[in-house]
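Student: Protein sequence lines correspond, in order, to chains P, S and R. Just so it is clear: in the first sequence, position 165 is 164 by numbering that gives the first Met the number 0, and no numbers are missing. Just so it is clear: in the second sequence, position 50 is 49 by numbering that gives the first Met the number 0, and no numbers are missing. Just so it is clear: in the third sequence, position 248 is 247 by numbering that gives the first Met the number 0, and no numbers are missing. We treat Cβ as the ideally placed atom computed from N, Cα and C, and that holds for glycine. Quick caveat: nothing in here was measured; it's all calculated off a predicted structure.
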Amino acid sequence: MSAPLVSVKDLKVHFEVRGGLFSPQKTVRAVDGVSFDIGRGEILSLVGESGSGKTTTGKAILRLVGATAGEVRFEGEPVSRKNSELHEFRKKAQMIYQDPYQSLNPREYVVDIVAEPLDVNGLVDTAAQREERVKQALAAAGLQPPEDFLYRYPYELSGGQRQRAALASSLILDPAFVVADEPVSMLDASIRTGIVKLMLKQRDERGIAYLFITHDLSLAWLISDRIAIMYLGRIMETGNADVIIRRGLHPYTRALVGIMPVPGVERAGKRNLLAGDIPSAASFIPGCKFASRCPTAQEICRAECPELVEAEPGHSVACHFVKGA
Amino acid sequence: MEAQTKLLDVKGLRAYFRMGKGALRAVDGVDFGLDYGEALGIVGESGCGKTTSALSICRMLPREGYIAGGEIFVEGIDYARLSDDEIRAHRWKDVSIIFQGAMNAMNPVKRVGFQIAEAIELHEGADRKAAMNRAGDLLELVEIPRDRLSRYPHEFSGGMKQRAMIAMALACGAKLVIGDEPTTALDVMIQAQILDLLERLRRERRMGLILITHDLSILGETCDRIAVMYAGKIVETGTVRDVFDRAAHPYTRRLISCFPRIGGEKVVPEGIDGFPPNLIDPPRGCRFHPRCLEARAACREIEPQTRRLSATHSVACHLAEVKS
Amino acid sequence: MRDFIAYLFGKGRGRSVRAQMRRMRGREFLSRVYRNKTAFAGSVIVLVFALVALIGQSVVRFDLGVTGQTGAERWLPPSAAHWLGTDHLGRDLFGFLVAGAGVSMLVGAVATAISMVIGTVVGVVSGYFGKWIDVLLMRLTDFMLCIPWLPLCMVLAAILGSSLVNIILVIGLTGWAGSARLVRAQTLSVKEMAYVERTVSIGAKSGHIMIKHILPNVFPVVFANTVLSAAAAISTETTLSFLGLGDTSRPSWGMILYYANATSAVAKGAWWYFLPAGVCVVLVVLGLTLMSYAFDEILNPRLKER
Chain P
0 MSAPLVSVKD LKVHFEVRGG LFSPQKTVRA VDGVSFDIGR GEILSLVGES GSGKTTTGKA
60 ILRLVGATAG EVRFEGEPVS RKNSELHEFR KKAQMIYQDP YQSLNPREYV VDIVAEPLDV
120 NGLVDTAAQR EERVKQALAA AGLQPPEDFL YRYPYELSGG QRQRAALASS LILDPAFVVA
180 DEPVSMLDAS IRTGIVKLML KQRDERGIAY LFITHDLSLA WLISDRIAIM YLGRIMETGN
240 ADVIIRRGLH PYTRALVGIM PVPGVERAGK RNLLAGDIPS AASFIPGCKF ASRCPTAQEI
300 CRAECPELVE AEPGHSVACH FVKGA
Chain S
0 MEAQTKLLDV KGLRAYFRMG KGALRAVDGV DFGLDYGEAL GIVGESGCGK TTSALSICRM
60 LPREGYIAGG EIFVEGIDYA RLSDDEIRAH RWKDVSIIFQ GAMNAMNPVK RVGFQIAEAI
120 ELHEGADRKA AMNRAGDLLE LVEIPRDRLS RYPHEFSGGM KQRAMIAMAL ACGAKLVIGD
180 EPTTALDVMI QAQILDLLER LRRERRMGLI LITHDLSILG ETCDRIAVMY AGKIVETGTV
240 RDVFDRAAHP YTRRLISCFP RIGGEKVVPE GIDGFPPNLI DPPRGCRFHP RCLEARAACR
300 EIEPQTRRLS ATHSVACHLA EVKS
Chain R
0 MRDFIAYLFG KGRGRSVRAQ MRRMRGREFL SRVYRNKTAF AGSVIVLVFA LVALIGQSVV
60 RFDLGVTGQT GAERWLPPSA AHWLGTDHLG RDLFGFLVAG AGVSMLVGAV ATAISMVIGT
120 VVGVVSGYFG KWIDVLLMRL TDFMLCIPWL PLCMVLAAIL GSSLVNIILV IGLTGWAGSA
180 RLVRAQTLSV KEMAYVERTV SIGAKSGHIM IKHILPNVFP VVFANTVLSA AAAISTETTL
240 SFLGLGDTSR PSWGMILYYA NATSAVAKGA WWYFLPAGVC VVLVVLGLTL MSYAFDEILN
300 PRLKER
């Protein structure tokens, strides 16, 4: 196996929240020690509920949010934390946002939005060349005929079309790695598949690797090679998509798979719910982050935080009761 | 009494919006009904008219909206014909609604207990103490500890806020509760909790529940019957098994395929090309025909009528076979 | 609106698609202005006065120095020969008014331009960079805001002397603080938008982001504020002239009011002396205010599209 394209080791993103007059300063541990690798052309889904830190992880990898600790390697080289040294990295690693209504500048034409990566990096010389490349990108993103979309404003496009335009803009630089932050969750179900197919096509044709951030386990299962389950800033389990769904080992994974609705299937018994809510990321939890809601938690879970260990090849779990291979 | 009158019987409902260029026919002739203790799921994508249908039942359409025709019988009374004052007597007591994004609909500077009690005071003229007591009971009903009455909304988590909104909807003992995308913005685990709660309440109180959503996958486990809406019309109605196993309308079939079945075959679904039609000037014939892969000449010209395929299953499509 | 401005500046020429779109959208913008009664009314008023200011003096000749030769030409009420009568020195008041329009509008335009440029730059830089730059600039802004504007202008005008240039500078260099605050607030909210972060992710530098993304999106606020600043500038200039602190070598509306006051025109019942000038100031300020209110609606509705 060749070296992974993206390698994340023990990434931590902590935010200091200033206390008020009556409350002390708090540390919000949005990401608290996350590690995983993504190979070339691989799709890794980062699945978690809100507050799990998955979006922050994606942004921290792209250095859009400052990492407090940990290392990110891209193509074998460490990725700098200073903005000034990120020029080359930024051309090869892009991001797609969740909200198609907010990720495009409402006052720019589509052609300028899609061409912006080229402009900023000085990659085109003439206006004709610029327009040509934009048209190619739009066509590849499924916006046909591309000429019709060049001089429109984002508000004149539907949600699905906007997301395609955003995709065109991200892909115009031919990146090797794309972080997709819930790219379809705000779109209707029938439109989602179009966007998802587009992403898969890009992966097949250009070998783009994706970090697909989502809360939708079934979508993650459908399109990714591997899934990483995240909870409150830490990864609970990582493995092949089918393995995670059919043979998940972590109690949280099993709970998630258990309550997921399957279309058309009436539930046989009661739902196996987890009690309560996700604790706040500002609270300091010494042991396993999941201990407060885990149906099988013991003393050791509350005292010690389990590491992510390999239970079988390609399948790692962070739980005291799952032994390493 | 209960056995004879249906809880809800909507016939030929038409709800339009006044726009500069003409009337937007958001809901254009829909029929559906509900019995006591039954759960109906109305599913469709953005702009299909499901929220407008819900708002019409409570007569809570915005200023530009109006009911252009049809009847809305709730326990035998036609809400479409009532005056504003008359409908106010029924709102919340007989029909209540949990709005989309409801958890953000709470006043951030008033305590939660006050907000629930307010509804009780307004609709039943109860005094503050009695209302607060009831509010406490309601919170316990939705599995929130009674002491949270004195807290503010920002101290509640998203799931708790939604449960508080459900409590508010039940405050005056409504028999018909409409949930407009009640779980859309919630995490899967919280969504499951809320659905569980709604199911329990429905059984215990024999209340009628209309669940409006774009997420077809949750309807299978929560509803008895499903109505599929597209462009202001109901294209198919049936029990859960009718719709999922024997979907007769091309739109229904395509829509179902868009929701991946975990553990089944890993095939990226086809999706549906094109856009929902302009409702100010809808297409002739079947409204789905521009996007339907099976459209014939008849589909382009004549609007399909709703036909019964079985006692429980009906569809509005020229291509559906009529079983005798 | 950008397209309309580009159109005005001649970029609408040519056959390229972009130029065509500019023309089309420029026209669309104009029709939206026309349909919004408030905006249309305000724009018409301001345009009329702007026109008078620009070409009025070539049509109606006026010279402060040319006073009536005989006593009989003084204090004349409006007639066919003098549409607004004459002043205490026999000068034609209509001509005075038209000439005054020139000065008032000029001061309004230039002083506003100065204060808006300073205010916008301070606001955007302060809001975008934050940290010590923000602290420094905002304390400076607070300092300027604490001092009451009109007395400050009066003192500066008295000290520096009252040439037209000085008046313009005084008004412009003191009036930027309010806009700076507003622009900074808007910048802070635009900065958090996903599309700004996206631009960072493709490798753009701060300058590019500020100019291509922040500025266009704070534009509605800037425009509304500019128009209101112009109204304030014009009325400030009028006030300064009225108090005798304006440029005494050039005619302005404030000067008309000054003389009207000084020669007790009110007591004499010479309404044609002070009324027209006052009405003009009010009308211009009204027109600008109407524009400010209504244009916000026109420039922003698309942001509500969902």
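Which of the residues in the stretch 87-99 of chain P, read from start to end, lie with their CB under 7 Å from any CB of chain R?
Tutor: Here the close residues are R89, K90, Q93, M94, Y96, D98.
Student: Residue ranges of each beta strand (DSSP E) run of no fewer than 3 residues wholly in the stretch 35-83 of chain R, ordered along the chain?
Tutor: Segments of the beta strand (DSSP E) lying fully in the stretch 35-83 of chain R: there are none.
Student: Mind listing which residues of the stretch 210-241 of chain S have their C-beta closer than 7 Å to chain P's C-betas, in chain order?
Tutor: Here the close residues are H213, L215, S216, I217, G219, E220, V239.
Student: Would you be able to state if there are at least three C-beta pairs under 8 Å between the stretch 259-273 of chain S and the stretch 190-210 of chain P?
Tutor: Yes, the stretch 190-210 of chain P touches the stretch 259-273 of chain S.
Student: For R/G286 versus R/I54, is the C-beta distance shorter than 8 Å?
Tutor: Translated into positions along the third sequence, residue 286 of chain R becomes position 287. Translated into positions along the third sequence, residue 54 of chain R becomes position 55. For R/G286 and R/I54, no; Cβs fall outside 8 Å.
Student: Report yes if the CB atom of P/A179 is closer than 8 Å to the CB atom of P/I277, and no otherwise.
Tutor: The sequence position of residue 179 of chain P within the first sequence is 180, counting from 1. The sequence position of residue 277 of chain P within the first sequence is 278, counting from 1. Contact: no.
Student: Along the chain, where does the alpha helix (DSSP H) that runs through S/G207 open and close?
Tutor: Working through the second sequence from its first residue, we reach residue 207 of chain S at position 208. No alpha helix (DSSP H) contains S/G207, which is instead part of the beta strand (DSSP E) from 207-212.
Student: Pull up the distance between the alpha-carbon of R/G122 and that of R/T37, whole angstroms please.
Tutor: Counting from 1 along the third sequence, the entry for residue 122 of chain R is found at position 123. Counting from 1 along the third sequence, the entry for residue 37 of chain R is found at position 38. About 29 Å.
Student: Check whether the stretch 190-208 of chain R and the stretch 160-168 of chain R touch, using three or more Cβ-Cβ pairs below 8 Å as the test.
Tutor: Output reads no: the stretch 160-168 of chain R does not touch the stretch 190-208 of chain R.
Student: Looking only at C-alpha atoms, which of R/W270, R/L50, R/G174, R/H212 sits nearest to R/S188?
Tutor: The residue you call residue 188 of chain R lines up with position 189 of the third sequence. Looking at the Cα atoms, R/H212 is the closest of the given residues.
Student: For S/S323, does the three-state DSSP call read helix, strand or coil?
Tutor: By 1-based counting over the second sequence, the position of residue 323 of chain S is 324. With a pLDDT of only 36 at S/S323, under the threshold of 50, the placement of this residue in the model should not be trusted; the figure read from the coordinates follows. If DSSP states are grouped into helix, strand and coil, S/S323 belongs with coil.
Student: In angstroms, rounded to a whole number, what distance separates the CA positions of R/F128 and P/T56?
Tutor: In the third sequence, residue 128 of chain R corresponds to position 129, counting from 1. In the first sequence, residue 56 of chain P corresponds to position 57, counting from 1. Going from the Cα of R/F128 to the Cα of P/T56 covers about 24 Å.
Student: Buried or exposed: where does R/W131 fall if 16 or more other Cβ atoms within 10 Å of its Cβ makes it buried?
Tutor: Numbered from its first residue, the third sequence carries residue 131 of chain R at position 132. R/W131 is exposed by the Cβ-count criterion.
Student: Among R/L181, R/V106, R/M115, which one has its Cα closest to the Cα of R/M137?
Tutor: The count along the third sequence starts at 1 and reaches residue 137 of chain R at position 138. Among R/L181, R/V106, R/M115, the Cα nearest to that of R/M137 belongs to R/L181.
Student: Hey, does P/L255 have any beta-carbon neighbour from chain S nearer than 8 Å?
Tutor: To locate residue 255 of chain P, count along the first sequence from 1; it is residue 256. Yes, P/L255 lies at the interface with chain S (some Cβ there is under 8 Å from its Cβ).
Student: Please state if the CB of P/V16 and the CB of P/K25 are separated by a distance shorter than 8 Å.
Tutor: Numbered from 1 along the first sequence, position 26 holds the residue referred to as residue 25 of chain P. Numbered from 1 along the first sequence, position 17 holds the residue referred to as residue 16 of chain P. For P/K25 and P/V16, yes; Cβs fall inside 8 Å.
Student: Curious, which full-length alpha helix (DSSP H) runs of at least 4 residues does the stretch 100-144 of chain R contain?
Tutor: Within the stretch 100-144 of chain R, no complete alpha helix (DSSP H) run reaches 4 residues.
Student: What whole-angstrom Cβ distance do P/I212 and P/T54 have, given they're in contact under 8 Å?
Tutor: On the first sequence, position 213 is the one that residue 212 of chain P refers to. On the first sequence, position 55 is the one that residue 54 of chain P refers to. Right, the Cβ-Cβ distance comes to about 6 Å (below 8 Å), so this counts as a contact.
Student: Against chain P, which members of the stretch 107-118 of chain S pass a CB distance test of less than 9 Å?
Tutor: Of all residues in the stretch 107-118 of chain S, none has a Cβ within less than 9 Å of some Cβ in chain P.
Student: Taking any Cβ of chain P, which residues in the stretch 184-203 of chain R have a Cβ under 9 Å from it, in chain order?
Tutor: Flagged, chain order: M192, A193, Y194, V195, E196, R197, T198, V199, S200, I201, G202, A203.
Student: In or out: S/L169 buried (at least 16 other Cβ within 10 Å) or exposed?
Tutor: Reading the second sequence from its first residue, position 170 is the one you call residue 169 of chain S. By the neighbour-count rule (16 or more Cβ atoms within 10 Å), S/L169 is buried.
Student: Kindly provide the ranges of any alpha helix (DSSP H) runs that are 4 or more residues long and lie completely inside the stretch 221-286 of chain P, ordered along the chain.
Tutor: Fully enclosed alpha helix (DSSP H) runs of 4 or longer: 240-246, 250-258.
Student: Would a C-beta distance cut-off of 8 Å place S/D27 and S/G231 closer than the cut-off?
Tutor: Residue numbering aside, residue 27 of chain S sits at position 28 when the second sequence is read from its first letter. Residue numbering aside, residue 231 of chain S sits at position 232 when the second sequence is read from its first letter. Cβ atoms of S/D27 and S/G231: closer than 8 Å.
Student: In whole angstroms, what separates the C-alpha of P/P285 from that of P/I228?
Tutor: Against the first sequence, residue 285 of chain P aligns to sequence position 286. Against the first sequence, residue 228 of chain P aligns to sequence position 229. Rounded to whole angstroms, P/P285 to P/I228 spans 20 Å at the Cα level.
Student: I'd like to know whether the C-beta of R/N224 is nearer than 8 Å to at least one C-beta of chain P.
Tutor: Locating residue 224 of chain R in the third sequence gives position 225, counting from the first residue. Closer than 8 Å: no.
Student: Closest Cβ-Cβ distance between S/R253 and chain P: below 8 Å?
Tutor: Position 254 of the second sequence holds residue 253 of chain S. By this cut-off, S/R253 is an interface position.
Student: So for S/V267, helix, strand or coil by DSSP?
Tutor: One-based indexing of the second sequence puts residue 267 of chain S at position 268. If DSSP states are grouped into helix, strand and coil, S/V267 belongs with coil.
Student: For P/S49, go through chain S and note every residue whose CB falls closer than 7 Å to its CB, in chain order.
Tutor: By 1-based counting over the first sequence, the position of residue 49 of chain P is 50. Here the neighbours are D186.
Student: Chain R partners of P/Q160, CB-CB under 7 Å?
Tutor: Your numbering for residue 160 of chain P matches position 161 in the first sequence. Simply none; closest approach about 13 Å.
Student: In whole angstroms, what is the alpha-carbon distance linking R/L88 and R/A276?
Tutor: Along the third sequence, one-based indexing puts residue 88 of chain R at 89. Along the third sequence, one-based indexing puts residue 276 of chain R at 277. About 17 Å.
Student: If we call anything under 8 Å between Cβ atoms a contact, is R/G84 one with R/F61?
Tutor: The sequence position of residue 84 of chain R within the third sequence is 85, counting from 1. The sequence position of residue 61 of chain R within the third sequence is 62, counting from 1. No, they are not a contact pair.
Student: Kindly give me the distance between the Cβ atoms of S/R123 and S/C171, rounded to whole angstroms, as I take these residues to be in contact under 8 Å.
Tutor: Numbered from its first residue, the second sequence carries residue 123 of chain S at position 124. Numbered from its first residue, the second sequence carries residue 171 of chain S at position 172. Reading off the sequence shown, one finds Glu at residue 123 of chain S, where the question assumed Arg. Correct: roughly 6 Å between the Cβ atoms.
Student: Determine the closest residue to R/A269 out of R/W74, R/R26, R/S42, with distance taken between C-alpha atoms.
Tutor: As a first step, residue 269 of chain R must be located in the third sequence, where it is residue number 270. Closest option to R/A269, Cα to Cα, is R/W74.
Student: Could you list which residues in chain P have their beta carbon closer than 9 Å to that of R/M209, in chain order?
Tutor: Walking along the third sequence from the start, residue 209 of chain R turns up at place 210. Under the 9 Å cutoff, chain P gives no residues; its nearest Cβ is about 13 Å from R/M209.
Student: Nearest CA to the CA of P/E130: which residue from R/V217, R/I113, R/R17, R/V278?
Tutor: To locate residue 130 of chain P, count along the first sequence from 1; it is residue 131. The option with the nearest alpha carbon to P/E130 is R/R17.
Student: Any chance you could list the alpha helix (DSSP H) runs of at least 4 consecutive residues sitting entirely within the stretch 212-248 of chain S, in chain order?
Tutor: With a minimum length of 4 residues, the continuous alpha helix (DSSP H) runs that stay inside the stretch 212-248 of chain S are 215-221, 239-244.
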